[in-house]
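K.L.:
Counted the way our numbering counts, the sequence shown spans residues 1 to 128.
The beta-carbon is built from N, C-alpha and C at its ideal position, and this holds for glycine as well.
Here the structure is a predicted model, which is why all the values come from computation and not from measurement.
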Amino acid sequence: MHVVRFADAPEYAAPGHVDMSMVRLQGREAGPSADLWMGVSVIAPGGGTTLTSSPQEKMYVVLEGTVELSNGRTDVSLGKWDSCRIDGGENRRLSNRTNAPAVVLLVMPLPAEERISTQKQKTGGENR
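(1) Note the first and the last residue of the continuous beta strand (DSSP E) segment covering R85.
(2) Quick one: complete beta strand (DSSP E) runs, 3+ long, within the stretch 50-95?
(3) Just verifying my parser: in three-state terms, what is the DSSP assignment at R24?
(4) Would you check if there are 3 or more beta carbon pairs closer than 8 angstroms linking the stretch 4-22 to the stretch 43-51?
(5) Does DSSP classify D35 as helix, strand or coil?
(6) Could you tell me whether the stretch 88-101 touches the stretch 22-35, where touching means 3 or more Cβ pairs closer than 8 angstroms?
(7) Count the other C-beta atoms from every protein chain shown that fall within 10 angstroms of the C-beta of S41, then say buried if there are 16 or more, exposed otherwise.
(8) L106 to A44, Cα distance in whole Å?
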């Protein structure tokens with residue numbers, strides 16, 4: 001078991017994220033994980049991400065507020081407890097067009113090279 005208290009979650013930065021504060025809840029610098037990581041983003045009014053993609057799929061859950069999400073073809077408005085999956089390679093842009101902060105949970109798989117590295121650490125050598 002690995003517990004991370006929200007107050008102790010490490011902050012991180014990501015390119016193309018504007019007026020957002022982000023913390024890692026599990027995985028990477030927040031603790032061990034073989035396959036994925038989780039983070040929470042607080043998006044200030046007017047803040048959000050640029051329209052970009054990554055090789056890994058992403059899963060978002062809005063915890064507070066309203067977030068506009070676009071893949072460049074379709075725009076949707078997500079409210080509290082709404083979720084969305086973005087496929088690997090699919091563009092995505094998150095925007096907070098309201099006057100109140102929005103809070104989003106993000107879950108992403110680790111890139112393949114990080115999963116391999118973690119598996120090697122567990123087994124003490126090459127993957128089997």
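P.N.:
Quick answer:
(1) S83 to I86
(2) 58-64, 67-70, 75-78, 83-86 and 93-95
(3) strand
(4) yes
(5) coil
(6) no
(7) buried
(8) 16 angstroms
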